[in-house]
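Participant: Chains A and B are the protein sequences, given in the same order.
Going letter by letter, the first sequence gives residues 1 to 134 in this note's numbering.
Going letter by letter, the second sequence gives residues 135 to 812 in this note's numbering.
Using N, Cα and C, we set each Cβ at its ideal position, and we do this for glycine too.
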Amino acid sequence: MKAGTKFALGAVLIVGSVGYLMASGIKQTGQYFLTPSELAQRVSVDPSFYDLGMKIGARVVPGTVEKETATQTLRFHITDGTVSYPVVFRGLPPDTFTDSVEVVVEGRLQKDGTIHATDVLAKCGSRYEAVPKA
Amino acid sequence: MTVLGHLSLWLAFLVGLWGGITGFVGGAQGRADLQQSARHATFALFGALVVAVISLEVGIFRHDFSLEYVAAYTSRNLPTFYLWSALYAGQKGSLLFWATVLSLFAVLAQVLTSRRHRVYLPYVAAVTCLVTTFFVSVMLFAANPFERLGFTPLDGRGMNPQLQNPGMVFHPPMLYLGYISITIPFAFAIAALLSKKLDTEWLVAVRKWTLVSWLFLGVGLLIGMWWAYVELGWGGYWAWDPVENVALLPWLVMTAFLHSVMVQEKRGMLKKWNLALVLGAWLLSIFGTFITRSGVIASVHSFTQSSVGYFFLGFLIIAGVATITLYVTRLPLLQAEATLESMVSREASFLFNNLLFIGIAFSVLWGTLFPILSEAIRGTKITVGPPFFNQVNIPLGLGLLALTGIGPLIAWRRASIPNLRRQFAVPVTTGVFVLLILLVGGMRDIGALMAVSLGGFVFATVIQEFARGARARHRQYNEPMALAVVQLVARNRRRYGGYIVHLAIVLLFVAFAGMAFKTETQATLRPGESATLKSPYGQVYTFTHLGISQYNALNREITAALVEVRRDGKLVGRLRTEKRQHVDAIGRPTFEPSTEVGIKSGVREDLYVVLGGLVNGTEQAVYRFTINPLVWWVWFGGFVLVIGGLIVLWPGGAPVPVKGSSASRVQAGYAVKLEPQP
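1) For the beta strand (DSSP E) containing K67/A, list its first residue and its last residue.
2) Please classify G154/B: does DSSP put it in a helix, a strand, or coil?
3) What does the Cβ neighbour count give for E399/B, buried or exposed, with the cut at 16 atoms within 10 Å?
4) Is the beta carbon of G25/A less than 7 Å from the beta carbon of Q525/B?
5) On the CB-based measure, 16 or more other CB atoms within 10 Å of its CB, does G354/B come out buried or exposed?
6) Out of I733/B, V346/B, G732/B, H716/B, which has the shortest C-alpha to C-alpha gap to F725/B?
7) If I follow the unbroken alpha helix (DSSP H) through P561/B, where does it start and stop?
8) Going by CA-CA distance only, name the one from F215/B, K734/B, L264/B, L745/B that's closest to P727/B.
9) Under the three-state reduction of DSSP, which class applies to H197/B: helix, strand or coil?
10) DSSP three-state call for G746/B: helix, strand or coil?
11) Write down every uninterrupted run of the alpha helix (DSSP H) in the stretch 396 to 473 of chain B whose length is 4 residues or greater and which is fully enclosed by it, in chain order.
12) Run through DSSP, which three-state label would G820/B get?
13) Under a three-way DSSP split, which group does S735/B fall into?
14) Taking the alpha carbon of L748/B as the reference point, which residue from V272/B, W784/B, G721/B, A695/B has its own alpha carbon closest?
15) Check the Cβ of N686/B against every Cβ in chain A and list those closer than 9 Å, keeping chain order.
16) Output the boundary residues of the beta strand (DSSP E) element that contains G707/B.
17) How many Å lie between T595/B and G402/B at the Cα?
18) With a 10 Å radius around its C-beta and 16 neighbouring C-beta atoms as the bar for buried, classify Y216/B as buried or exposed.
19) Where W218/B and Q298/B are concerned, what is the direct C-alpha to C-alpha distance, given to the nearest angstrom?
20) Check whether the Cβ of D95/A lies closer than 7 Å to any Cβ atom in chain B.
21) If you drop the 5 nearest sequence neighbours on each side, which residues of the same chain put their C-beta closer than 7 Å to that of A182/B?
22) How would you write the range of the alpha helix (DSSP H) that I580/B sits in, first residue to last?
23) If you draw a straight line from the C-alpha of M649/B to the C-alpha of A616/B, how long is it?
24) What span of residues does the beta strand (DSSP E) with N686/B cover, start to end?
25) Kindly indicate if chain A contains any beta-carbon less than 7 Å away from that of Q525/B.
26) Can you check DSSP and say which residues form a bridge with Y197/A?
27) Output the distance between the C-alpha atoms of Y757/B and N294/B, rounded to the nearest integer angstrom.
28) So, for A70/A: in the same chain, excluding its five sequence neighbours on each side, which residues have a beta-carbon less than 8 Å away from its beta-carbon?
29) Spell out the partners DSSP gives N762/B in its beta bridges.
30) Run through the DSSP bridge pairs and tell me what L659/B is partnered with.
31) What are the residues in the stretch 58 to 86 of chain A lying within 7 Å of chain B by C-beta distance?
32) Please report the distance separating the alpha-carbon of G4/A from that of E475/B.
33) From S17/A to A11/A, what distance separates their C-alpha atoms?
34) Under 7 Å, Cβ to Cβ, is there at least one residue of chain C near G25/A?
35) For M477/B, go through chain A and note every residue whose CB falls closer than 8 Å to its CB, in chain order.
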């Protein structure tokens, strides 16, 4: 076999494994990124969306944040304007987490309608831009 | 001063356009007067932008809050140190900073390029002028840093506390320097394409510039990692955030180029590929700027959504189409002079190395864009996070690490069996030995086992290369071994500097592997109470909450918690962690409270303590304690990387070896033959 052919085989092997790793990576680790309305709509059609790991992008409803520092539990509601869900999170929220901030909640929707969050990311407009005063 | 700044932006805009036109026309028609004019235009452009920067800095230092930018990012009580960095703390100022640095590089390219490569300079001037003009036009038409407010506030909003960290003063400029200077190799590549002078000459011109931006970008990434680690408090240094990813992409592509360029120099192959890498790295840098500044992809880093994004998207599309068209029309001029002779050759290992680099870059790009792509194609947004990037990149990275050791050991063209045996015996034995020690020591994580034992293998290859070279000098010139090593590096900077970079990569991989063993715990403690955490090495750490103190500092109110740390009962020290509420000059709170992490860094592991908060204002505190193994080695590896990079870059190295010369045979690993130095 010519060196060029052998190299082509090696190249195909590498490209193939990159492709395989990417495809399987997305299959195994990809998560839905939904708004509360989309989640409500999907879960009403397909109950497998209960207890499925996903990310939900929404805004914290002002005045719903309850912090129990002793048990490190955080309860709040999130909404996209039409649908809202209660969220329970155990852990330290990020510095930028406040009332009415935009958040990405990573977690699972329970049958009782609450979202058990494993992670909460708060997005202030940006690190670089000053927080606009409401 | 603002009028002056604004005027100088307009001046820069016009001069930049002029430089673009005269450079292209002068180059194409060979008119010396226009070429000279384009060269002068780059100098004038730089001058105008420096005036604009000075105007803005004067506004910042005089606390001229009638300027929107000054009011938005600074305040009267901001420490002087951070007044400097306010220049690039916001979108508008950072655009000005960007354009200015680019024009500085444009001038340097004109001044520092050797006589041999003069023919490319008019085109280089044209490209750098036009790219700078683009940035200036974004400022003029969408994000003017000299915009005035209709009134003058008493005080500014102040700088985001997370940016008030020494890392943030150095990280953006370094990253920008790397990102921006990619334009210079790109400009040379365009110049070569336009002038049709596509021999190895342009490669020589482009190689050092690529190395410059590769080094700056690498340092910028490392400082960014350090900043994220000490300031953000989530306990790691790399989160595969879109903005981090897009900064990594050009770095990966440039690393690929710095390797494959050797194949072209030695064997006249890969011409199309190398050119594509240079062009691709630049397009990726503009793409990254677009992602960062447009807010298309949700990222914790991104600037707020703004119209600036459209400018960058437009620019990216125009530049991309123009570049690719030019490239395709010149393809017939880029025929290879040789073909691959054997799979077991240096060329082949570089080719595989390149495929892996590009594979990693592609998977990172794909993962970053996946939410957008999946939404566009399937109507559902699907995101991938760190698990995806780790799952894909750990195997590819390990493959690359293996090649880091294999590549330098095999000869160009075709390696013989005795040659292979001689080269691989010691390194392979070392790698296996390391693996056995780790297995006996109880390590079971496959990724970490592979990383560290491959690291041992690569480490041994580098030591072997140094030892052989130094021994040869020792014999031939009777130099003492220490001097022989120094001379060896000094006489072959590119080769041995490269090996030092390989050592740095080994250190980084081992350090990354250490994070597989990170442990953490959260605890709510009253003063006097403790939490324990077992380190991956088996020691037990006890963290005792000593108490809380609250006081005011220059521009912030501080709540500090003090923790006593014992290892297996022995006192190792105290750590303090803080919550800070920043305030403006009249005591009003600005921004959300921020956290200062308490870190005790060591060779084996870092202790990382975060204060989560106080329970109802009492002294009962919520903590997160983390043990991060081997993090110190990331920073040390970064330091070694810079040393290696600087050795390669240092001017006045050995002349470029000609094909078939003794120098190239030495590089090929056939023999170490040293010629008397002139």
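Facilitator: On the basis of the supplied data:
1) Your numbering for residue 67/A matches position 67 in the first sequence. Run containing K67/A: 66 to 68, per the beta strand (DSSP E) assignment.
2) Start at 1 with the first residue of the second sequence, and residue 154/B comes out as number 20. Helix at G154/B.
3) For the purposes of this step, residue 399/B is taken as residue 265 along the second sequence, with counting starting at 1. That one is buried.
4) Taking the first sequence and counting its residues from 1, the one referred to as residue 25/A is at position 25. Taking the second sequence and counting its residues from 1, the one referred to as residue 525/B is at position 391. Q525/B is positioned such that its CB atom lies closer than 7 Å to that of G25/A.
5) Indexing the second sequence from 1 puts residue 354/B at position 220. The residue is buried, with at least 16 neighbouring Cβ atoms inside 10 Å.
6) As a working note, residue 725/B is residue 591 in the second sequence. Selected option, being the one with the closest Cα: H716/B.
7) As a first step, residue 561/B is located in the second sequence; it is residue number 427 there, counting from the start. From DSSP, the alpha helix (DSSP H) with P561/B extends over 551 to 574.
8) Within the second sequence, numbered from 1, the residue matching residue 727/B stands at position 593. Ranking F215/B, K734/B, L264/B, L745/B by Cα distance to P727/B puts L745/B first.
9) In the second sequence, the residue the question calls residue 197/B occupies position 63. Residue state, collapsed to three classes: coil.
10) Residue 746/B sits at position 612 when you count from the first residue of the second sequence. Three-state DSSP puts G746/B in a strand.
11) Taking 4 residues as the shortest admissible run, the stretch 396 to 473 of chain B contains the following complete alpha helix (DSSP H) segments, listed from N- to C-terminal end: 405 to 428, 442 to 464.
12) Any property of residue 820/B remains undetermined from this structure, which presents chain B solely from 135 to 812.
13) Looking up residue 735/B in the second sequence gives position 601. Strand.
14) Here residue 748/B refers to the residue found at position 614 of the second sequence. Comparing Cα positions, the closest option is A695/B.
15) Residue 686/B sits at position 552 when you count from the first residue of the second sequence. Per Cβ cutoff of 9 Å: no residues; N686/B is ~19 Å from chain A at best.
16) For the purposes of this step, residue 707/B is taken as the residue at position 573 of the second sequence. Per DSSP, G707/B belongs to the beta strand (DSSP E) from 704 to 716.
17) In the second sequence, the residue the question calls residue 595/B occupies position 461. In the second sequence, the residue the question calls residue 402/B occupies position 268. C-alpha separation (whole angstroms): 27 Å.
18) The residue given as residue 216/B occupies position 82 in the second sequence. Buried: at least 16 other Cβ atoms inside 10 Å.
19) The residue given as residue 218/B occupies position 84 in the second sequence. The residue given as residue 298/B occupies position 164 in the second sequence. W218/B and Q298/B: Cα-Cα distance of roughly 11 Å.
20) What you label residue 95/A is simply residue 95 of the first sequence in a count that begins at 1. Put simply, the CB of D95/A is near chain B, with a gap under 7 Å to one of its CB atoms.
21) Position 48 of the second sequence, counted from the start, is the residue given in the question as residue 182/B. Once the five neighbours on either side are set aside, the close Cβ partners of A182/B are S142, L145, A146, V149.
22) Numbered from its first residue, the second sequence carries residue 580/B at position 446. 580 to 611 is the extent of the alpha helix (DSSP H) around I580/B.
23) Position 515 of the second sequence, counting from 1, holds the residue named residue 649/B. Position 482 of the second sequence, counting from 1, holds the residue named residue 616/B. Looking at the two C-alpha atoms, the distance is approximately 36 Å.
24) To locate residue 686/B, count along the second sequence from 1; it is residue 552. Where N686/B is concerned, the enclosing beta strand (DSSP E) stretches over 674 to 687.
25) Position 391 of the second sequence, counted from the start, is the residue given in the question as residue 525/B. At least one chain A Cβ lies under 7 Å of Q525/B.
26) Beyond the ends of chain A as shown, which are 1 and 134, falls residue 197/A; an answer cannot be given.
27) Taking the first residue of the second sequence as position 1, residue 757/B is located at position 623. Taking the first residue of the second sequence as position 1, residue 294/B is located at position 160. Approximately 24 Å, taken between the alpha carbons.
28) Your numbering for residue 70/A matches position 70 in the first sequence. Hits under 8 Å: none found.
29) Here residue 762/B is taken as the residue at index 628 of the second sequence, counted from 1. Answer by DSSP bridge pairing, in chain order: D740/B.
30) On the second sequence, position 525 is the one that residue 659/B refers to. For L659/B, which the question treats as bridged, DSSP gives the partners A755/B.
31) T69, A70, Q72
32) Sequence index remark: in the first sequence, residue 4/A carries index 4 (1-based). Sequence index remark: in the second sequence, residue 475/B carries index 341 (1-based). If you draw a straight line from the Cα of G4/A to the Cα of E475/B, it comes to about 8 Å.
33) For this step, residue 17/A is matched to residue 17 along the first sequence. For this step, residue 11/A is matched to residue 11 along the first sequence. Each residue's Cα considered, the two are about 10 Å apart.
34) Absent here is chain C; the protein component of the structure consists of chains A and B.
35) For the purposes of this step, residue 477/B is identified with residue 343 of the second sequence, where counting begins at 1. Simply A3, K6, F7, G10.
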